[in-house]
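Asks:
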Amino acid sequence: MTLTFFTHPMSRGRIARWMLEEIGEPYETVLVDWNGKPAALVEANPLGKVPTIVHDGAVVSEAAAICAYLAEAFPAAGLAPRGRERAPYLRWMFFTAGPLEGAMIDRVLGVEVPVGRQGMVGYGSFAQAVDAIELGVAAHDYIAGDRFTAADVYVGSAIGWFTQFGLLEKRETFMAYLDRLHERPAWQRAVAIDDALLAEQEGAAQR
Numbered sequence: 001m002t003l004t005f006f007t008h009p010m011s012r013g014r015i016a017r018w019m020l021e022e023i024g025e026p027y028e029t030v031l032v033d034w035n036g037k038p039a040a041l042v043e044a045n046p047l048g049k050v051p052t053i054v055h056d057g058a059v060v061s062e063a064a065a066i067c068a069y070l071a072e073a074f075p076a077a078g079l080a081p082r083g084r085e086r087a088p089y090l091r092w093m094f095f096t097a098g099p100l101e102g103a104m105i106d107r108v109l110g111v112e113v114p115v116g117r118q119g120m121v122g123y124g125s126f127a128q129a130v131d132a133i134e135l136g137v138a139a140h141d142y143i144a145g146d147r148f149t150a151a152d153v154y155v156g157s158a159i160g161w162f163t164q165f166g167l168l169e170k171r172e173t174f175m176a177y178l179d180r181l182h183e184r185p186a187w188q189r190a191v192a193i194d195d196a197l198l199a200e201q202e203g204a205a206q207r
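Residue numbers are given in my numbering: position 135 of the sequence shown equals residue 135, and the series is strictly consecutive.
#1: In whole angstroms, what separates the C-alpha of Pro185 from that of Gly116?
#2: Among all the DSSP beta bridges, which residues are the ones paired with Val30?
#3: Please state whether DSSP places Ala73 in a helix, a strand or coil.
#4: Quick check on this structure: which residue in Thr4, Glu25, Met175, Arg14 has the alpha carbon closest to the alpha carbon of Tyr142?
#5: Mapping DSSP to helix, strand and coil, what is Thr96?
#6: Report yes or no: is there a C-beta of chain B within less than 8 Å of the C-beta of Ala44?
#7: Is the region 43-63 close to the region 75-88, with three or more CB pairs under 8 Å?
#8: Reducing DSSP to helix, strand and coil, say where Gly145 ends up.
#9: Would you kindly work out how many angstroms separate the C-alpha atoms of Gly60 and Thr4, rounded to a whole number?
#10: Report the rounded CA-to-CA distance for Arg12 versus Val32, giving the unit in angstroms.
#11: Could you tell me how far apart the beta carbons of Met104 and Ala64 are, in whole angstroms, since I believe they sit closer than 8 Å?
#12: Please go through the same chain and pick out, in chain order, the residues whose beta-carbon is closer than 7 Å to the beta-carbon of Ala16, but skip the five residues on each side of it.
#13: Select from Val130, Gly145, Leu90, Phe126 the residue whose C-alpha is nearest the C-alpha of Leu109.
Spelled out as structure tokens, the structure:
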């Protein structure tokens, strides 16, 4: 089995890193320099995007897809949905990757949806998107139910990122959810790995 992970420590690659640490399988990390992307990455993903993984020749990009793929490819980790977990698992992972991220990016870019056109953007309004994800988070301890799944890796990463940069207000519901997720050893390992890599890059840039 070969599992190659293309990433940068200050990117959505952090999401995939966490998921990789959760499954507990060996993987090779290939660090990507924004100014010169490796040929192997461009061959696998012509957009040169990170994260991208290559598992036994199968290429998967997009952080949410990577989380879902790894949960299914490595069932022993117990991160794929079971029974009634499947509906909220898919619902909130896809909502976060689509409408919620769209709402956040539009907010950053200063995009104003014209009056009467809110139905065209998929998230209605920014406030509606935020209230919707809070509804999902508040329903259970974890996004798909009472058990941690791969959906929590993606949704939790997004909520953590958005609250960290002030795009999402630090509502009690969100922060309690993040506290539960951040107790996981895999999250702590992933953060330590990427923070160390980022520090190395910054140190090298200053020399």
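For every residue, glycine included, the Cβ atom is placed at its ideal position computed from N, Cα and C. This structure is a prediction, so every number in the text was calculated from the model and none was measured.
Replies: Reading from the atomic positions:
#1: For this step, residue 185 is matched to residue 185 along the sequence shown. For this step, residue 116 is matched to residue 116 along the sequence shown. For Pro185 and Gly116, the distance between alpha carbons rounds to 46 Å.
#2: Taking the first residue of the sequence shown as 1, we reach residue 30 at position 30. Phe6.
#3: Counting from one through the sequence shown, the residue named residue 73 turns up at place 73. Reduced to three states, the DSSP call for Ala73 is helix.
#4: The count along the sequence shown starts at 1 and reaches residue 142 at position 142. Cα-wise, what sits closest to Tyr142 is Met175.
#5: What you label residue 96 is simply residue 96 of the sequence shown in a count that begins at 1. The answer is helix: DSSP assigns Thr96 an H, G or I state.
#6: Given the protein chain composition of this structure (a single chain), no chain B is represented.
#7: No: the two stretches stay apart, fewer than three of their Cβ pairs being nearer than 8 Å.
#8: Numbered from its first residue, the sequence shown carries residue 145 at position 145. If DSSP states are grouped into helix, strand and coil, Gly145 belongs with the strands.
#9: Translated into the one-based positions of the sequence shown, residue 60 becomes position 60. Translated into the one-based positions of the sequence shown, residue 4 becomes position 4. Reading the sequence as shown, one finds Val at residue 60 and not Gly. A straight line joining the alpha-carbon of Val60 with that of Thr4 spans about 10 Å.
#10: Translated into the one-based positions of the sequence shown, residue 12 becomes position 12. Translated into the one-based positions of the sequence shown, residue 32 becomes position 32. Their Cα atoms are separated by approximately 12 Å.
#11: Translated into the one-based positions of the sequence shown, residue 104 becomes position 104. Translated into the one-based positions of the sequence shown, residue 64 becomes position 64. Under the criterion of beta carbons closer than 8 Å, Met104 and Ala64 do not qualify as touching, at roughly 14 Å.
#12: Against the sequence shown, residue 16 aligns to sequence position 16. So the list reads Phe5, Thr7, Pro51, Ile53, Ala63, Ile66, once near-sequence residues are dropped.
#13: Position 109 of the sequence shown holds residue 109. Closest option to Leu109, judged by alpha-carbon separation, among Val130, Gly145, Leu90, Phe126: Phe126.
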